[in-house]
Amino acid sequence: DAGVIQSPRHEVTEMGQEVTLRCKPISGHNSLFWYRQTMMRGLELLIYFNNNVPIDDSGMPEDRFSAKMPNASFSTLKIQPSEPRDSAVYFCASSSAIPDTQYFGPGTRLTVL
Amino acid sequence: AQSVTQLGSHVSVSEGALVLLRCNYSSSVPPYLFWYVQYPNQGLQLLLKYTTGATLVKGINGFEAEFKKSETSFHLTKPSAHMSDAAEYFCAVCRSGGGADGLTFGKGTHLIIQP
Numbered sequence: 396d397a398g399v400i401q402s403p404r405h406e407v408t409e410m411g412q413e414v415t416l417r418c419k420p421i422s423g424h425n426s427l428f429w430y431r432q433t434m435m436r437g438l439e440l441l442i443y444f445n446n447n448v449p450i451d452d453s454g455m456p457e458d459r460f461s462a463k464m465p466n467a468s469f470s471t472l473k474i475q476p477s478e479p480r481d482s483a484v485y486f487c488a489s490s491s492a493i494p495d496t497q498y499f500g501p502g503t504r505l506t507v508l
Numbered sequence: 294a295q296s297v298t299q300l301g302s303h304v305s306v307s308e309g310a311l312v313l314l315r316c317n318y319s320s321s322v323p324p325y326l327f328w329y330v331q332y333p334n335q336g337l338q339l340l341l342k343y344t345t346g347a348t349l350v351k352g353i354n355g356f357e358a359e360f361k362k363s364e365t366s367f368h369l370t371k372p373s374a375h376m377s378d379a380a381e382y383f384c385a386v387c388r389s390g391g392g393a394d395g396l397t398f399g400k401g402t403h404l405i406i407q408p
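Chains as they are written, first to last, in this note's numbering: chain P, 396 to 508; chain S, 294 to 408.
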């Protein structure tokens with residue numbers, strides 16, 4: 396079984412550029428989560444979707460961040476414009492129910508110069 | 294709102310010794326509790342979870358944890374540490390039932406295994 400797939404695995408960009416992170420959840424899972432991991436703040440929930448509908452985006456840090464889930468097999472997290480403080484590892488996770496086990500992707504390491 | 298406190302950002306044990314990683318939680322409703330492990334440059338992998346029923350839960354790689362409601366704790370243990378257990382461990386909580394949401398994580402505990 397393929398797990399959660401994230402792309403790219405690494406992204407290096409310059410301040411002010413648009414960044415798009417992608418996630419493909421496990422087939423059949425109807426809940427999708429985006430987390431951010433930094434040394435200072437640990438793992439933080441940014442937003443989650445249930446049946447492709449955003450349920451809670453209170454963790455999204457600023458209007459520069461946006462997330463979409465156009466269908467059950469794809470989600471994006473976009474940062475526009477990016478800033479150095481956005482540098483972090485971004486994880487996508489999916490689950491078949493809330494609450495239940497969340498399965499994490501390998502993460503995207505974002506570096507904003 | 295929920296919160297998780299993991300005591301000790303770093304824990305060092307000798308190979309073969311008992312592993313004890315502490316986790317205390319705060320939740321206004323009955324919680325679901327999880328332990329995840331993260332190896333360097335990898336995503337998080339579920340070790341074990343407590344939802345309902347038996348309060349002592351067993352997970353992968355010989356780990357287990359006990360849910361103690363009176364102490365609001367969910368400590369992770371393993372009788373005998375192995376070098377391959379060296380990793381970052383995260384305790385997490387989410388609300389059970391309707392209106393449930395995403396996971397709230399602790400800050401993590403880095404487990405070091407001394408040969």
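The beta-carbon is built from N, C-alpha and C at its ideal position, and this holds for glycine as well.
When you compare each of the options to residue i by their alpha carbons, which one comes out closest?
i: phenylalanine 398 of chain S; options: S:Leu326, S:Ser377 and S:Val312; result: S:Leu326
i: alanine 467 of chain P; options: P:Val407, P:Ser426 and P:Gly500; result: P:Ser426
i: cysteine 387 of chain S; options: S:Ala380, S:Leu396 and S:Leu369; result: S:Leu396
i: valine 322 of chain S; options: S:Ser302, S:Thr345 and S:His368; result: S:Thr345
i: isoleucine 406 of chain S; options: S:Ala358, S:His303 and S:Phe367; result: S:His303
i: arginine 480 of chain P; options: P:Gly398, P:Thr471 and P:Met434; result: P:Met434
i: lysine 342 of chain S; options: S:Val350, S:Asn317 and S:Val312; result: S:Val350
i: tyrosine 443 of chain P; options: P:Gly500, P:Gln412, P:Glu478 and P:Ala462; result: P:Ala462
i: asparagine 445 of chain P; options: P:Asp458, P:Met464, P:Met455 and P:Gly454; result: P:Met464
i: threonine 408 of chain P; options: P:Phe460, P:Asp452 and P:Ser482; result: P:Ser482
i: proline 324 of chain S; options: S:Ala379, S:Asp378 and S:Thr365; result: S:Thr365
i: valine 507 of chain P; options: P:Glu406, P:Gln401, P:Cys418 and P:Ile400; result: P:Glu406
i: proline 372 of chain S; options: S:Ala294, S:Ser307 and S:Ser296; result: S:Ser307
Run through DSSP, which three-state label would residue i get?
i: asparagine 354 of chain S; result: helix
i: leucine 376 of chain S; result: For the record, residue 376 of chain S in the displayed sequence is methionine; it is not leucine. Looking at methionine 376 of chain S - three-state DSSP - the assignment turns out to be helix.
i: proline 449 of chain P; result: strand
i: arginine 431 of chain P; result: strand
i: proline 501 of chain P; result: coil
i: proline 465 of chain P; result: strand
i: arginine 510 of chain P; result: The structure shown does not extend to residue 510 of chain P, since chain P is modelled only from 396 through 508, so no value can be given for it.
i: proline 324 of chain S; result: strand
i: arginine 480 of chain P; result: helix
i: asparagine 334 of chain S; result: coil
i: asparagine 425 of chain P; result: coil
i: threonine 471 of chain P; result: strand
i: arginine 388 of chain S; result: strand
i: alanine 397 of chain P; result: coil
When the Cα atoms are used, what is the spatial distance from residue i to residue j?
i: leucine 416 of chain P; j: alanine 385 of chain S; result: 24 Å
i: methionine 410 of chain P; j: tyrosine 329 of chain S; result: 33 Å
i: alanine 443 of chain S; j: glycine 355 of chain S; result: The question about residue 443 of chain S has no answer, for chain S in this structure spans 294 to 408.
i: leucine 505 of chain P; j: methionine 376 of chain S; result: 30 Å
i: valine 414 of chain P; j: tyrosine 382 of chain S; result: 29 Å
i: glutamine 475 of chain P; j: proline 420 of chain P; result: 23 Å
i: threonine 503 of chain P; j: threonine 496 of chain P; result: 21 Å
i: glycine 238 of chain S; j: arginine 315 of chain S; result: Here chain S comprises residues numbered 294 to 408, so residue 238 of chain S is not present and cannot be evaluated.
i: threonine 370 of chain S; j: lysine 400 of chain S; result: 18 Å
i: glycine 398 of chain P; j: isoleucine 450 of chain P; result: 23 Å
i: leucine 438 of chain P; j: glutamine 432 of chain P; result: 4 Å
i: asparagine 334 of chain S; j: arginine 404 of chain P; result: 10 Å
i: serine 402 of chain P; j: cysteine 418 of chain P; result: 7 Å
i: alanine 374 of chain S; j: alanine 294 of chain S; result: 34 Å
Check whether the Cβ of residue i sits closer than 7 Å to any heavy atom of the ligand FMN, and report yes or no.
i: phenylalanine 383 of chain S; result: As far as ligands go, the structure on display features none, and thus does not contain the ligand FMN.
So, do the region 474-492 of chain P and the region 422-440 of chain P have three or more beta carbon pairs nearer to each other than 8 Å? With the cut-off at 8 Å, the region 474-492 of chain P and the region 422-440 of chain P touch.
Counting beta carbon pairs with one atom in the region 481-488 of chain P and one in the region 428-436 of chain P, are three or more of them shorter than 8 Å? The count of Cβ pairs closer than 8 Å, one atom from the region 428-436 of chain P and one from the region 481-488 of chain P, reaches three, so the stretches are in contact.
Along the region 430-453 of chain P, where does the CB come closer than 7 Å to a CB of chain S? Name the residues. In summary, the residues of the region 430-453 of chain P whose CB is separated from some CB of chain S by less than 7 Å are Gly437, Leu438, Leu440, Tyr443 and Asp451, in the order they occur in the chain.
Residues from the region 394-405 of chain S in contact with chain P, defined by Cβ distance under 9 Å: Under the 9 Å Cβ criterion, the region 394-405 of chain S contributes Asp394, Gly395, Leu396, Thr397, Phe398, Gly399, Lys400 and Gly401.
Pull out every residue of the region 313-341 of chain S whose Cβ sits closer than 7 Å to any Cβ of chain P, in chain order. Within the region 313-341 of chain S, the residues whose Cβ lies closer than 7 Å to some Cβ of chain P are Tyr325, Gln335, Gly336, Leu337 and Leu339, listed in chain order.
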